[in-house]
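Everything below concerns the one structure shown next.
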Amino acid sequence: MRKIFFILILISTFTTYAQDDNRVILRGKVLYKNTNVPNQNVINIDTERATITNRDGEFEIYVKSGDHLAFSAVNYQLKTILVTDSILNNSRLVIEVNEKVNELDEVVVTPDNEEKFLELKGEEFKKFDYEEDYSSVATNMATPEHQLQHGINFVNIFKALFQADKQGEGPKRQLKVSEVLRQVYNDEFFVADLKIPQDKIDDFLYYCDDRIPRQSLLRKDNEFELIEFLVQQSENYRESLKKE
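The sequence shown maps to residues -18 to -1, 1 to 226 in mature numbering (1 follows the signal peptide of the UniProt record, and there is no 0).
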């Protein structure tokens, strides 16, 4: 029995090292205005592995050149970087994140003019806060599912955040609209564009959780369909509020 247990440990260890695929540990620190940022999610999008920063804003994660790291937290804007040879040579990475701003500015284009609204929202996806400009990739270029095209692959990011659920014996956990979009958009999008009362944003997202037709809407290449879905559901949700 002991021999079998020992063999299982060896197999598990070998599998772990094989998955790292010659990756090395990258140490880094996350700051906001020169202040340490604890509990920040640090995700390797390519390996779908995640860690969090400690109380000093420090982290360690396995990477190799060409990997994409995402930095995610509720109070800060989502940020991604491309791991380069230069970063690996320095052996340390310092990331400055920006606070999410929820002040509601005047918005001229709204869902009332849906075609223009969808066009501008699509552009917002492309201008997401990341250091490498992935929006310049040719649309006819064949890319693997795990790579970033026109921006961030949200599915891989959030799969990494919920890796612990995969290790259980229960059914695989499904991503929720409420978990994904709260990390992506500030309050202005929901209040000014979708006309959702600010104190009802979370409730609206839970409402969408039960109505999303398929998980693939959360993929980056389905961004326009996702926005159309949110526009339609916002109208339905506002109607339901009137009946309360």
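Glycine included, every Cβ here is placed at the ideal spot set by N, Cα and C.
Small disclaimer: the values here were computed from a predicted structure and weren't measured.
Taking 4 residues as the shortest admissible run, the region 46 to 78 contains the following complete alpha helix (DSSP H) segments, listed from N- to C-terminal end: 67 to 72. ARG9 and SER216 have their C-alpha atoms some 42 Å from each other. Check the Cα spacing between ASP3 and each of GLY48, SER222 and ALA55: the tightest is with GLY48.
Assigned with DSSP and collapsed to three states, GLU226 falls in coil, not helix or strand.
Per the C-alpha coordinates, the member of GLU30, ALA174, ILE69 and VAL24 positioned closest to ASN36 is VAL24. Ranking ASN72, GLU78 and SER68 by CA distance to the CA of LYS61 puts GLU78 first. At a Cβ-Cβ threshold of 8 Å, VAL45 and VAL65 count as neighbours. One thing to note: ILE7 has its Cβ within 8 Å of the Cβ of GLU42. ASN21 places its beta carbon 8 Å or farther from that of LEU51.
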